[in-house]
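Chemist: Numbered per the numbering used here, the sequence shown finishes at 66, counting up by one with no gaps. Ideal Cβ placement from N, Cα and C applies to all residues, glycine included. Questions regarding the structure given below will be posed in turn.
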Amino acid sequence: MSDETEQIKRILEKNQEMLKEMKTSVEKMQSYLFWAFIAVIVSVIVPLVGMVFVIPMFINRYTGLM
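Spelled out as structure tokens, the structure:
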């Protein structure tokens, strides 16, 4: 093989290694984003759903005192 084809082969191998590293990084990022989404759901949506039950009880007690 000529030097040019060897150089192209080395470049392609480096690119392949870099792509593997990028894939790993993207998979980690997907995992972090998924868990961040779950954290948002737990910290925002769950309390809002809980308020649906707490606010009516509070209103009933408050109006009962009047």
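Could you give the first and the last residue of the continuous alpha helix (DSSP H) run that contains residue 25?
Modeler: Looking up residue 25 in the sequence shown gives position 25. Where residue 25 is concerned, the enclosing alpha helix (DSSP H) stretches over 3-40.
Chemist: Terminal residues of the continuous alpha helix (DSSP H) containing residue 59?
Modeler: Within the sequence shown, numbered from 1, the residue matching residue 59 stands at position 59. Segment 46-65, the alpha helix (DSSP H) holding residue 59.
Chemist: Could you check the C-alpha separation between residue 9 and residue 34 for me, to the nearest Å?
Modeler: On the sequence shown, residue 9 is found 9 positions in, with the first residue counted as 1. On the sequence shown, residue 34 is found 34 positions in, with the first residue counted as 1. About 37 angstroms.
Chemist: Please report how far the alpha carbon of residue 53 lies from the alpha carbon of residue 60, in whole angstroms.
Modeler: Taking the first residue of the sequence shown as position 1, residue 53 is located at position 53. Taking the first residue of the sequence shown as position 1, residue 60 is located at position 60. Near 11 angstroms, if we compare the C-alpha coordinates of residue 60 and residue 53.
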